[in-house]
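Those letters in the sequence shown? Residues 3 to 206, by the working numbering.
Beta carbons: idealized from backbone N, C-alpha and C, even for Gly.
Keep in mind that this is a model prediction, so the values were computed, not measured.
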Amino acid sequence: MTCPQCGAAIQRGSGRFCSHCATALPDLPRITPEEWVSHRERFEAARADAQHAVAMALPAPAPEYGTTVVLPTLFLIGWCATAAFISSKFAEHGGGMAVAPIVMAVVGTVMFGRWILQALHKANAPVQRDLAVVLDERTEIASHRRSDGSHSTTTSYYVLLQLGDGTRRELPTSSVIAGHTTRGDIGLAVTRGGDLIDFHRYRV
Numbered sequence: 003m004t005c006p007q008c009g010a011a012i013q014r015g016s017g018r019f020c021s022h023c024a025t026a027l028p029d030l031p032r033i034t035p036e037e038w039v040s041h042r043e044r045f046e047a048a049r050a051d052a053q054h055a056v057a058m059a060l061p062a063p064a065p066e067y068g069t070t071v072v073l074p075t076l077f078l079i080g081w082c083a084t085a086a087f088i089s090s091k092f093a094e095h096g097g098g099m100a101v102a103p104i105v106m107a108v109v110g111t112v113m114f115g116r117w118i119l120q121a122l123h124k125a126n127a128p129v130q131r132d133l134a135v136v137l138d139e140r141t142e143i144a145s146h147r148r149s150d151g152s153h154s155t156t157t158s159y160y161v162l163l164q165l166g167d168g169t170r171r172e173l174p175t176s177s178v179i180a181g182h183t184t185r186g187d188i189g190l191a192v193t194r195g196g197d198l199i200d201f202h203r204y205r206v
C-alpha cells in the first residue's frame, strides 16, 4: 500500500497515519462492527490475557526532558545574557534605554519559567495504566511563519480512548504511538500528566 499524499510505501495495519508525511490513511479497523457488540467481553478477555500481566510490569517510557526542559532553559539563559549585554551597552551612553532589555529579560523569564515549570510538573506526574479501546484518532496541523518569510508546520496527534467503565478520554500523544494504533485496538494505555506515552496492543 502507498500513501495517497506522498506516495511512500507503507505497511497497513500498524497505524492510521503515514510515517513520512502524517497524512491520515483510509480507516481500516482491526475488528468488525459486529465485534463492537461484545465490548465488555473484550475487556474481560484482555484483562485475563497473559499479555496484560507482562504489560503491567513493563516500566513506563522515561520523560523527555531534552526538548521540554533543557532547550527552553538554555534559550532562557541566552536570552537573559543577551539582554544584559545590550543593557550594559545602552548604559554606557546613558539614558533610559538601558531599562528596555531588562524588561525583556523579565518578561522572557516569566514566560519561559512558566513553560519549564509546567513541563517539569507533567514529566514528574504519576504514571497511570488503564485498559482501553481506541475509538478514533485525529491530527492538528499548525502553520508558523518564520522571520525570513518562509513557513513551517507542526503536527499534533490525539487518540480518543474508551475505558472499561465507558469513560472516554482524548489524549495528546506522539507520532510514533499514533502511527502504531488504529480504531478498534484494545490494550494497556500508559499515561502521564494527561499524555498518552505508551500503548500495548493486545490481540483479543
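Since residue i is in the alpha helix (DSSP H), which residue starts that stretch and which ends it?
i	result
Ala77	Checking the sequence shown, residue 77 turns out to be Phe, not Ala. From DSSP, the alpha helix (DSSP H) with Phe77 extends over Leu73 to Glu94.
Ser177	Ser177 to Gly181
Phe19	No alpha helix (DSSP H) holds Phe19; DSSP gives it neither H nor E.
Gln53	Ala52 to Ala59
For the beta strand (DSSP E) containing residue i, name the first residue and the last one.
i	result
Ala121	From DSSP, Ala121 is part of no beta strand (DSSP E) but of the alpha helix (DSSP H) over Val101 to Ala125.
Ala191	Ile188 to Arg194
Ala144	Val129 to Arg147
Ala164	A quick correction: the sequence has Gln, not Ala, at residue 164. Unbroken beta strand (DSSP E) run through Gln164: His153 to Leu165.
Can you check which of these residues, the options, is closest to residue i by C-alpha distance?
i	options	result
His153	Ile143, Tyr160 and Leu162	Ile143
Leu162	Cys23, Asp150, Gly196 and Phe45	Gly196
Leu73	Glu43, Arg194, Gly115 and Val192	Gly115
Pro199	His182, Arg148 and Val206	It should be pointed out that residue 199 corresponds to Ile in this sequence rather than to Pro. For the residues His182, Arg148 and Val206, the minimum Cα distance to Ile199 belongs to His182.
Thr184	Ala50, Cys20 and Gly9	Cys20
Val129	Asp51, Arg194 and Phe45	Arg194
Thr175	Asn126, Ser158, Gln120 and Pro63	Ser158
Phe45	Arg171, Asp167 and Val178	Asp167
Tyr160	Ser177, His123, Pro63 and Pro103	Ser177
Val71	Leu122, Arg147, Ile179 and His95	Leu122
Arg131	Ser145, Leu190 and Trp117	Leu190
Pro103	Glu94, Arg171 and Ser90	Ser90
Gly110	Ala83, His95, Ala93 and Ala100	Ala83
Leu76	Phe92, Trp117 and Pro65	Trp117
Our contact map puts residue i next to residue j with C-beta atoms below 8 angstroms; I'd like the distance itself, whole angstroms only.
i	j	result
Ile188	Val135	5 angstroms
Ala57	His202	4 angstroms
Leu137	Gln164	5 angstroms
Ala48	Val206	5 angstroms
Ala26	Thr156	Incorrect: roughly 16 angstroms between the Cβ atoms, too far for contact.
So what does DSSP say about residue i, is it helix, strand or coil?
i	result
Glu66	coil
Arg44	helix
Gly170	The residue you asked about is not Gly; residue 170 is Arg in the sequence shown. Strand.
Asp197	strand
Taking the DSSP output, what are the residues bridged to residue i?
i	result
His202	Leu190
Thr4	Ala11
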